[in-house]
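In the working numbering, the protein residues as written are 27 to 195. Scroll down for the structure; my scribbles are underneath it.
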Amino acid sequence: MRENRAGEWVEWHAVQHPDFPGKKVEIGGWKPYSTILPPAGELEALSAKHGAFLRDVLDAFPRIAVKGLAAKKLDAALWEITATVANEGALPTALRQGVRTHRARAVRVDFVSDKGTLTAGDKVTLVPTLAAGAVKEMKWVVHAAEGSEVEIKAETDRAGISSARLLLK
Numbered sequence: 027m028r029e030n031r032a033g034e035w036v037e038w039h040a041v042q043h044p045d046f047p048g049k050k051v052e053i054g055g056w057k058p059y060s061t062i063l064p065p066a067g068e069l070e071a072l073s074a075k076h077g078a079f080l081r082d083v084l085d086a087f088p089r090i091a092v093k094g095l096a097a098k099k100l101d102a103a104l105w106e107i108t109a110t111v112a113n114e115g116a117l118p119t120a121l122r123q124g125v126r127t128h129r130a131r132a133v134r135v136d137f138v139s140d141k142g143t144l145t146a147g148d149k150v151t152l153v154p155t156l157a158a159g160a161v162k163e164m165k166w167v168v169h170a171a172e173g174s175e176v177e178i179k180a181e182t183d184r185a186g187i188s189s190a191r192l193l194l195k
């Protein structure tokens, strides 16, 4: 190890210490922090390796997405709105233990309409958890004039926020 860390090792040698007069005192060994920090020549390679690992970990985190927002006209001013809320990550939005103990917050899905009136479906839907890669199909029926806008917004503590807007036409 000493060969890899040139300059970080101090050979043991005797010194006169004022607290121990007439006694033999030796100092030496590794310089402070030299066994904690990697050698300077290895920092770039280690940084790249650890950076790649951290990117992989972050990529595995849950990511919420609102997809496939669509409207189907049912009547003159009646629309069926459909959307999919998906977890695009490799981890769930909440672990089972968190759901079981009520410590993990659910995925909150909000239906927002600027001028319409919701006639079927909930304005706020709580989805306890979405597994990795899971999707939740959702439907609403809204009474709104053509040209009105609807928005579906999904949010969770651990998977972020996603929203999609649609102009009814």
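C-beta atoms are modelled at their ideal positions from N, C-alpha and C, and glycine is treated no differently.
As assigned by DSSP and simplified to three states, the class of residue i
i    : result
G67  : helix
G55  : strand
G33  : coil
R129 : coil
G142 : coil
K124 : Position check: residue 124 holds Gly in this sequence, whereas Lys was assumed. In the structure shown, G124 sits in a helix (DSSP, three-state: H, G or I).
L156 : coil
T151 : strand
Closest residue to residue i among the options (Cα-Cα distance)
i    : options                  : result
M164 : T182, A71 and V111       : V111
V66  : A96, A91, A32 and W56    : Residue identity differs from the one stated: residue 66 is Ala in this sequence, not Val. For A66, the nearest C-alpha among the options comes from A32.
T143 : K57, S174, A180 and F46  : S174
L184 : A86, V51 and D82         : Looking at the sequence shown, residue 184 is not Leu but Arg. Of the candidates A86, V51 and D82, the one whose C-alpha sits nearest the C-alpha of R184 is A86.
V135 : G124, H128 and K149      : K149
K57  : E68, K75, A97 and V36    : V36
K141 : A132, W105, A160 and L63 : W105
K179 : K162, A71 and V92        : V92
L194 : E114, D101, L152 and W38 : D101
T145 : W166, S188 and K75       : W166
V153 : G147, P47, T182 and L63  : T182
G147 : T155, F137 and A40       : F137
E39  : P47, G55 and D45         : The residue asked about is misnamed: residue 39 is His in this sequence, not Glu. The shortest C-alpha separation from H39 is found at G55.
For residue i, the first and last residue of its enclosing beta strand (DSSP E)
i    : result
R134 : V133 to S139
A180 : E175 to T182
G147 : Run containing G147: none; DSSP gives neither H nor E here.
I187 : G186 to L193
K49  : Segment: none, K49 is in no beta strand (DSSP E) and carries neither H nor E.
E163 : V161 to H169
Cβ-Cβ separation, residue j to residue i (assumed contact under 8 Å), whole Å
i    : j    : result
R191 : E177 : 5 Å
A170 : S139 : 6 Å
A116 : A158 : 5 Å
T61  : P88  : Actually they are not in contact, since the Cβ atoms of T61 and P88 sit about 38 Å apart, beyond 8 Å.
I90  : A97  : Actually they do not touch by this definition, with Cβ atoms about 22 Å apart.
### Message
My parser needs the beta strand (DSSP E) runs of 3 or more residues fully inside the stretch 69-121; what are they?
### Response
90-101 and 104-113
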